[in-house]
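In this note's numbering, the protein residues as written are 2 to 398.
The C-beta atom is built at its ideal place from N, Cα and C for all residues, glycine as well.
The structure appears below as structure tokens.
Here is the structure:
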């Protein structure tokens, strides 16, 4: 008799077939289909203990950041039979459905399955990249915000990879924005708000085996993570997903409260959610979810086409060269302006020319010729006087 498969939780969500339809057609039931999104082995889920008190809340958050919409877990495909978020996980396999309202369906923007984080910082150095590292390091006190390792052991790590470019992060943050002031929208991939200062081990693991959970969020309060904490206290907690023995887990500090501040200089919550979604997708995402999202959303993720790492680096170099050329052009213009200002006739000079402004051209030329001849005669007389004085000195000797 074959052994029973290990128990697991399968999570389904409705995803659109076409995102280019008008607002009314977009919500038609024929444009939506149920997709198997996550498979959560109960053994691994219990071992991770991300939410020791309320695991269902964590599952709700995990699927929400993956599909990019807020909703509720239910045991049926409709919004009925919402799960008891205070219940403990079952011992047997179950199927859950993540249901969203029409308003949330309009907002839906899933995580890109092809974010493809790079493992190390690019070897191509530009002033823009160097400035990114300098600003991140100074903001985070020149130490890893997770472990406190010194600057020489750390990297300035992009949440959304540098290779994705400015348009990518602008599109992503505009669609994922939850701030009514829209202050969580980021226009530049090398913005200080798209990074943290992390030790090299944490850099390699980020978005795969390491992520940071921001609480409170739409599904969880902070006391769901730490029962001693106030429910609405803002906190960022490190979560380690992997059990890879090659990972120095001590350098990833699972369950550690990292040092960040709720200021405009730090990444917005939607970027922490993006990294968390990547880790969830890496460990629990199904191929059907990845295929569905890629097929439906690729043109939205990459309106200008997919950009390779090499293309992104080349664009970065050419953009920097263009910036330097523009700066030089502006400097030349400023220098020419200063030169022109210094050599431009002043007000007194202009007043001296007024008596000649109304003189007929022929008379003016005659006056100028006479003035020239007088000047030449005066100069000649001056020279002759110097010669005569010199000759008298020689004769006297």
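TODO: Return the CA-CA distance between residue 393 and residue 378, expressed in angstroms with no decimal places.
DONE: 22 Å
Open item on the list: With a threshold of 8 Å, are at least 3 pairs of Cβ atoms found where one atom belongs to the stretch 128-140 and the other to the stretch 297-306?
Closed with: no
Task: Reduced DSSP secondary structure (H/G/I, E/B, other) of residue 50 - done: coil
- [ ] Name the two residues that bound the continuous beta strand (DSSP E) containing residue 216.
- [x] 211-216
TODO: Figure out for me which residue from 231, 112 and 41 has the closest Cα to the Cα of residue 172.
DONE: 112
TODO: Compute the Euclidean distance between the alpha carbons of residue 220 and residue 88, then round it to the nearest angstrom.
DONE: 15 Å
Task: residue 204: first and last residue of the uninterrupted alpha helix (DSSP H) it sits in - done: 201-206
Task: Nearest to residue 145 (by Cα), restricted to the options 196, 23, 164 and 110 - done: 196
Task: Cα-Cα separation, residue 384 to residue 374 - done: 15 Å
- [ ] Tell me where the beta strand (DSSP E) around residue 42 begins and ends.
- [x] 33-42
- [ ] Within its chain, find whatever has a CB closer than 6 Å to the CB of residue 75; leave out the 5 residues flanking it on each side and keep chain order.
- [x] 82, 83, 98 and 100
- [ ] Kindly indicate the opening and closing residues of the beta strand (DSSP E) around residue 17.
- [x] 9-17
- [ ] Compare the Cα-Cα distances from residue 216 to each of 116, 295 and 238 and report the closest residue.
- [x] 238
Task: Reduced DSSP secondary structure (H/G/I, E/B, other) of residue 427 - done: The requested residue 427 does not occur in the structure, where the chain is confined to residues 2 to 398.
- [ ] Helix, strand or coil for residue 262, going by three-state DSSP, please let me know.
- [x] coil
- [ ] Check residue 198 in the structure and name its three-state DSSP category.
- [x] strand
Open item on the list: Among 255, 201 and 164, whose alpha-carbon lies nearest the alpha-carbon of residue 226?
Closed with: 255
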